[in-house]
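Q: Numbering (the numbering used here), first residue to last: 157 to 776.
We put the beta carbon where it would ideally sit given N, CA and C, even for glycine.
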Amino acid sequence: MNIKKIFKILVSLLGTVWVGSIIYLNDKYPDVEWDWKNINTKDMYFPKNFIWGTATAAHQVEGFNTNNNWYRWEHSFDQNDKSRIHNSDKSGDAADHWNLYKKDINLMKNIGVNAYRFSVEWSKIMPTINKIDQDAIDHYREVCIALIDSGLVPVVTLHHFTHPLWFEDLGGFEKEENIKYFIEFSELIFNELSDIVKYWCTINEPAVYVSQGYFNGIFPPGKKDPILAGEVMKNLLYAHTKVYHLLKSLKNGDKSQIGLVKNITQFDPLRRWHVLDWYFSRILNDIFTNSTIDLLLNGEFRFYLPGMADLSYTNTKAIKALDFIGLNYYSRWHVKGHLNPNEPFTFEKRKQDIQTDMPYSIYPEGFYEALNTVSKLEMPIIVTENGIADDKDDRRKLFINRYLYALFQAMQDGLVVNGYFYWSLMDNFEWAEGYSMKFGLYEVDFSNQDRRLRDGSQAYKEIINRPAVDSRGYKVSIGDKAPDLELNMIDGTRINLSELLGQVVVLQFTASWCSVCIQEMPHLEKEVWLPFKDEGLMLIGIDRDEPLEVVKRFKKQTGITYPLALDPGANHFSKFAHKNAGVTRNVVIDKKGNIAFLTRLFDKDEFESMKQKIKLLLKE
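1) Runs of 3 residues minimum, wholly inside the segment 540 to 592: which ones carry the beta strand (DSSP E) assignment?
2) Tell me the start and end of each unbroken alpha helix (DSSP H) in the segment 607 to 639 that is at least 4 residues and wholly inside, in chain order.
3) Quick one: grab the DSSP three-state call for A251.
4) Between which two residues does the alpha helix (DSSP H) carrying E348 extend?
5) Would you please state the rounded distance, in angstroms, between the beta carbons of N419 and A363? I believe it to be under 8 Å.
6) Helix, strand or coil for A213 per DSSP?
7) Can you list, in chain order, the stretches of the beta strand (DSSP E) that have 3 or more residues and sit fully within the segment 440 to 464?
8) Could you give the residue range of the alpha helix (DSSP H) that holds T529?
9) In this structure, how does DSSP classify N742 when only helix, strand and coil are distinguished?
10) Per DSSP, what kind of secondary structure is R428 in: helix, strand or coil?
11) Rounded to whole angstroms, what is the Cα-Cα separation between I443 and I620?
12) For the alpha helix (DSSP H) that P536 lies in, which residues bound it at each end?
13) Pop quiz: V539 and L483 are said to be a contact at Cβ under 8 Å. What is the actual Cβ separation, rounded to whole angstroms?
14) Could you compute how far the alpha carbon of Q768 sits from the alpha carbon of I751?
15) Can you list, in chain order, the residues of its chain whose CB lies under 7 Å from that of E642, leaving out five sequence neighbours each side?
16) By Cβ distance, which residues of its chain are closer than 6 Å to V632, with the 5 residues on each side in sequence left out?
17) In the DSSP assignment, the beta strand (DSSP E) including H315 goes from what residue to what residue?
18) Report the start-end ranges of each alpha helix (DSSP H) in the segment 179 to 225 that is 4 residues or longer and not cut off at the edges.
19) Ignore the nearest five residues each way along the sequence and tell me which others in A782's own chain have a CB closer than 8 Å to its CB.
20) Compute the Euclidean distance between the alpha carbons of T448 and L393, then round it to the nearest angstrom.
21) Candidates Y469, Y485, P382, S531: which alpha carbon is nearest P462's?
22) What separation, rounded to the nearest whole angstrom, lies between the Cα atoms of K507 and F480?
23) Under a Cβ-count criterion, where at least 16 other Cβ atoms within 10 Å of its own Cβ denotes burial, should Y180 be classed as buried or exposed?
24) Whether or not the segment 600 to 608 and the segment 708 to 722 are in contact is what I'm after, with contact meaning three or more pairs of Cβ atoms, one per stretch, closer than 8 Å; do they touch?
25) Tell me, please, which residues DSSP counts as bridged to H490.
26) Out of curiosity, what's the CA-to-CA distance linking H231 and P500?
27) With 16 other CB atoms within 10 Å as the buried threshold, where does E387 fall?
28) Determine the contact status of H215 and W226, defining contact as a CB-CB distance below 8 Å.
29) Whose CA, out of L693, E691, F665, lies closest to the CA of A737?
30) Residues in its own chain within less than 8 Å of G373 by CB, not counting five upstream and five downstream?
31) Could you compute how far the alpha carbon of G248 sits from the alpha carbon of G219?
32) Three Cβ pairs or more, each shorter than 8 Å: is that satisfied between the segment 700 to 708 and the segment 653 to 662?
33) By the three-class DSSP mapping on this structure, what secondary structure does M514 have?
34) Give the single residue among I352, F346, I293 whose Cα lies nearest to the Cα of G307.
35) Would you kindly check if the distance between the Cβ of L527 and the Cβ of L478 is under 8 Å?
36) For S654, is the classification buried or exposed, using 16 other Cβ atoms within 10 angstroms of its Cβ as the cut-off for buried?
Written out as structure tokens, the structure reads:
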């Protein structure tokens, strides 16, 4: 066999492997894009006990932070003698939230949120290694009390990118021996506030702290050292683990909810046919997402960047070392690989994507994926950040509606998500971008500190203030006054629910296409309607979204004798439950018109309890 034939065979084999790999990767990791033209984002609902919040970070909004690593960074210059911050901005007074927090709490109440996530500034509380500023601690306690008095739940973050200069000068999180100082600070503030604060976030976005400070060099300390990056990531996660276990052992620790804030940015191949794009995408996902998930799931951490860094670490105490996982999600990056050791990959934009003012696109499908990723931890999820930079305010409404719809879909699919915090309450100092990025629900005029709710932010306010539902899709609760209904019966008569006061009423929501309804209806006929119809009970079946002839035929097929009413458009149904919630529901109303019992699906034990409740109500 000559060399040409061997070469052709090798090329053919290589091509086959290439094509096979691409087919496999595209099948396993599809590029998911939903058909938004056919999605009604108004068709979403959230639980009654859902945490709705907004978030800030101390350095970005408080003002007067002159003793931390970011203050020094803002006032330094790069090797070209240029400011490290866009437009040479300085945080300065920021939004003066330190003094205006009461005003800002009123802004939160205006939106309708019930929680506020904020960070405590370590450099104000411990300005030197041996000094504690009690006035600063008292200030944060006053903030928490003001929030609670206004009906908002405080959620405290212990480290959000900033720390004291003395800690930075000691080497910060680059050195494992420095972690003890963060632990001491965490214990101090927990002991001061844990009697009134339930929710705690240890460290905000370890991967962002590492990528921006030790890969890209645009956050302090401005280094580009992959080996050191891995060490810092390990130390941050080790610090979280130590702090978690310590705080849980302290007074109030058992009733506190303590979590880590994990950002997720998916790295997807720009060219889905190109192996290099896939290769570097997988590596970046492993470094910045999977390494943390693996540590919290099985105690194994690996930070691997071929030819640059390879760090492995085992810590079984990190397994499940959290009460919830905080998720920060904004978007994804598209990766383009290169055969260049000095620049092996770059991040590229796609023309077809809707871009934000930050260099990334609107991608709610990725939010859904990120929620599923952190759900592997089998811990409650709280979305601790999600928002858009939109100076023109022409994409904020779309962003909010689509991302919250993705959240709703994840919850409908069974994920346990307890809350959502929009980033941010107001415009602020956006780190290396200075004041150029407008994330705020409220626009801030930094010349006079006036705040104004943006038009696009109304979408968040509207969703928060929609009627909430319980875990079974009900808008109503036991004890509520039953909504009045005018029912069009299939025999041509009309019944007003208010006319039935003095009777016990059972409303059964049903449909001919509902198999569970069909299973339940004979039991309602034999065990509820026939025994009690002459004792002051009225049972009415309400058929949703079906024409008269279909409902008449349905009644005949089931053999029931209790009356049926029509509900075109599910207008009656939607007064009791969310319009898109499932049928097979019974609403029991007492003689005074109050809701006394609610069922969902056909559960024999629940059905028996309903019968017993009806018997008691009839005797009243």
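A: In short:
1) 573 to 579
2) 614 to 620
3) coil
4) 335 to 349
5) 6 Å
6) coil
7) 456 to 461
8) 520 to 530
9) strand
10) coil
11) 35 Å
12) Unbroken run through P536: none, as it is neither H nor E.
13) 5 Å
14) 15 Å
15) R650, N652
16) F732, I751
17) 309 to 315
18) 214 to 217
19) Given that the chain is displayed from residue 157 to residue 776, the structure contains no residue 782 and the question cannot be resolved.
20) 8 Å
21) P382
22) 37 Å
23) exposed
24) no
25) D424, E504
26) 32 Å
27) buried
28) yes
29) F665
30) K379, K380
31) 6 Å
32) no
33) coil
34) I352
35) no
36) exposed
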